[in-house]
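Residue numbers (the numbering used here): 103 to 278.
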Amino acid sequence: MDFIERCTGCGVLVSIGHTAANSAQIQAAVQAGARMSTHLGNGAHPVLPRHPNYIWDQLAEEPLWASVIADGFHLPDAFLRVAAKVKGERLILVSDAVSFGGMPPGTYDTHIGGRVTLTPAGRLHLAGQPALLAGSALPMTAGIAHLAERGIASLGEAWAMASVRPAGLLGLPAAQ
C-alpha cells in the first residue's frame, strides 16, 4: 500500500486491475488512494467464488470509479447494467482497442509474438483459442452505440461515460 500512497502523493491516479486481491487488500488499496477499477470484470480468473470475490468487492467500494469495455464481447449486458446501477456517475467507458482496429477479418501476427484472429463481427481472440479475447478491434464509438442500443444507457449518458466523466476523473476540463 506504500506504493499506492507514494503514487497518489505524486498526483498519479491509481487503478486496480487484473487483480487477485482479497476484500481486505481492496479496502486497503482504496484507503491508500486507489480511485478506479481498470476494465472491471475483465482480466479476471475464469472461475471465481460466488462470494466474496474481487469483482463484487470493487463494485461495493463506493469511492472507486469503474471502467468497462462495452464492445459486446468483453462483458455481458447484465453485468453492464449492474455496473451502471451501482457505480452511476462513477462508471466510465474504455475501448481496449489494439492495433488491429479497422483491419479486415483475418488472422494476424502480433508485435509481441503470437497470433490473433479478427472475426467478421469484430471480435478479436487468440488464434486457435476463441474463448480468449486479445483486446478489442472496435473503436470507442462501438461501445457508446452498444450501451445506447441495448438500453443500458442513453446516448448522452454513454457519450459522457467515454468523454466527460473520464475528463472529470482526471481533473481535466470537459466541453459539454
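The C-beta atom is built at its ideal place from N, Cα and C for all residues, glycine as well.
In chain order, what residues of the same chain have a beta carbon less than 6 Å from the beta carbon of residue i, not counting five sequence neighbours either side?
i      : result
Ser139 : Ile118, Gln160, Leu166 and Ala168
Leu271 : Trp167
Ala199 : Ser238
Pro232 : none
Glu163 : Val132
Ala244 : Asp173
His120 : Gly145
From residue i to residue j, what distance separates their C-alpha atoms?
i      : j      : result
Val114 : His147 : 27 Å
Thr209 : Phe175 : 18 Å
Met103 : Val184 : 29 Å
Ser265 : Arg252 : 20 Å
Leu240 : Gly204 : 7 Å
Val188 : Trp158 : 11 Å
Leu195 : Ala260 : 8 Å
Val274 : Gly135 : For the record, residue 274 in the displayed sequence is Leu; it is not Val. Roughly 19 Å between the two C-alpha positions.
Asn124 : Pro151 : 11 Å
Asn155 : Ala122 : 9 Å
To which residues of the same chain is residue i closer than 7 Å at the C-beta, ignoring the five residues directly before and after it?
i      : result
Phe181 : Gly143
Pro207 : Leu220, Thr221 and Pro222
Could you give the C-beta distance for residue i and residue j, rounded to a whole number, given that I count them as a contact under 8 Å?
i      : j      : result
Ser197 : Met242 : 4 Å
Ala186 : Ala250 : That pair is no contact at about 12 Å.
Thr219 : Ala229 : 5 Å
Arg137 : Val116 : 6 Å
Need the endpoints of the alpha helix (DSSP H) that residue i sits in, please.
i      : result
Ile106 : Asp104 to Gly111
For residue i, report the span of its beta strand (DSSP E) as first-last.
i      : result
Ser125 : Run containing Ser125: none in the beta strand (DSSP E); it sits in the alpha helix (DSSP H), Ser125 to Ala134.
Val149 : Where Val149 is concerned, there is no enclosing beta strand (DSSP E), given that its DSSP letter is neither H nor E.
Val266 : Counting along the chain, Val266 falls outside any beta strand (DSSP E), though it belongs to the alpha helix (DSSP H) covering Val266 to Leu271.
Any beta-carbon of chain B closer than 9 Å to the one on residue i?
i      : result
Asp179 : Looking for chain B here will not work: only one protein chain is present.
Those runs of the alpha helix (DSSP H) which lie wholly inside the segment 177-243 and span at least 4 residues
179-189
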